[in-house]
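In the numbering used here, the protein residues as written are 2 to 190. For glycine and all other residues, C-beta sits at the position ideal for the given N, C-alpha and C. From a predicted model like this one, the values you see are computed outputs, not experimental measurements.
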Amino acid sequence: MDLYIQQIVIGCILGDGSITKSGCLQIEQSSKQKEYVYWKYEQLKSIVSDEPKRVNRYDKRTQCTYSSDRFYTRALFKQLRKEFYPIEKKSIPLNVQNFLKAPVTLAVWYMDDGGRGANTKKGVILSVPNYDFESQLRLQTALKFNYGIDTTLHKNGQLYVPMSSYTTFDNCISPHIIPSMRYKLSITP
2 MDLYIQQIVI
12 GCILGDGSIT
22 KSGCLQIEQS
32 SKQKEYVYWK
42 YEQLKSIVSD
52 EPKRVNRYDK
62 RTQCTYSSDR
72 FYTRALFKQL
82 RKEFYPIEKK
92 SIPLNVQNFL
102 KAPVTLAVWY
112 MDDGGRGANT
122 KKGVILSVPN
132 YDFESQLRLQ
142 TALKFNYGID
152 TTLHKNGQLY
162 VPMSSYTTFD
172 NCISPHIIPS
182 MRYKLSITP
C-alpha cells in the first residue's frame with residue numbers, strides 16, 4: 002500500500018475514523034462536511050469498493066434526524082485494529098510516535114478533531130475526550146517529540162496548542178488542509 006495512503010489512514014484512525022472487527026476502515030462525517038468526505042474518498046479510492054453513501058439517523062434525545070456521508074475501505078487493517086483497539090475500545094498505542102510522523106497524518110487528524118474551540122482565541126485544540134488519560138499523554142508526547150509542538154492537556158479532553166506553538170503547528174499542517182476546512186486555521190493574534 003502506498004505510504005501516503007497509510008499516512009491518511011492513520012490520521013483518520015486518530016480522528017473520527019474507526020476500524021471494524023473485520024479490518025475495514027469506516028469514514029463517516031456529517032453531511033455538512035461532504036467535501037471533506039469526498040476528499041478522503043479520492044485519496045483512499047484505490048482501497049475502497051464503493052462511493053460514500055448518505056446515512057440518516059434519528060436521535061431520540063433531540064428528536065432530530067441527522068445525516069452523514071459514509072464509506073468503508075476493504076478489509077486491510079486487521080493489524081491496526083489490534084494496535085488501536087487492544088480491548089475493543091479505541092486507544093492510542095504505546096508506539097504512537099511512529100505513527101504520527103507525517104504532517105499529512107497530523108493534518109487529517111486536525112481536520113477531523115481540531116479547531117479553535119470556544120475559549121481558544123490565541124491557540125487551537127485537538128479534541129481527544131474519548132481517549133483514556135494515558136492515551137492523551139501519549140499523543141501529547143508524540144506531538145512534542147515529532148514536531149516540537151507544545152500542548153497542554155485540559156480536563157475536558159482537549160489538547161491545547163498555545164499561540165507559542167501555533168506557527169510551528171500551522172506550518173506543519175497548512176499545506177495539507179483542504180479548502181473547505183481552512184476555517185479551522187484562522188487565528189487572530
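In the structure shown, the three-state DSSP call for D17 is coil. Distances from the alpha-carbon of D113 to those of I28, N99 and Q7 put I28 closest. The beta-carbon distance between Y132 and S92, rounded to whole angstroms, is 6 Å. This is short enough to meet the 8 Å contact definition.
Comparing alpha-carbon positions, the option among L140, T63 and E135 lying closest to V97 turns out to be L140. If you draw a straight line from the Cα of I150 to the Cα of G124, it comes to about 12 Å. In this structure the segment 2-21 lies against the segment 95-111, because at least three pairs of beta carbons, one per stretch, are closer than 8 Å. Look at F72 here: in three-state DSSP terms it is strand. Apart from the 5 residues on each side of it in sequence, H177 sits with its Cβ closer than 7 Å to the Cβ of P104, V105 and A108 in its chain, given in chain order.
Relative to the Cα of L77, the nearest Cα in the group V49, Q64 and F146 belongs to V49. The closest CA to that of L45, considering only V162, C173, M164 and C25, is found on C25. Cβ neighbours of D60 within its own chain (closer than 7 Å, five residues either side excluded): Y67. Listed in chain order, the non-local C-beta contacts of L186 below 7 Å within the same chain comprise D171, S175 and I178, local neighbours out to five positions each way being set aside. Annotation for L154: no alpha helix (DSSP H) segment contains it, though the beta strand (DSSP E) segment containing it runs T153 to H155.
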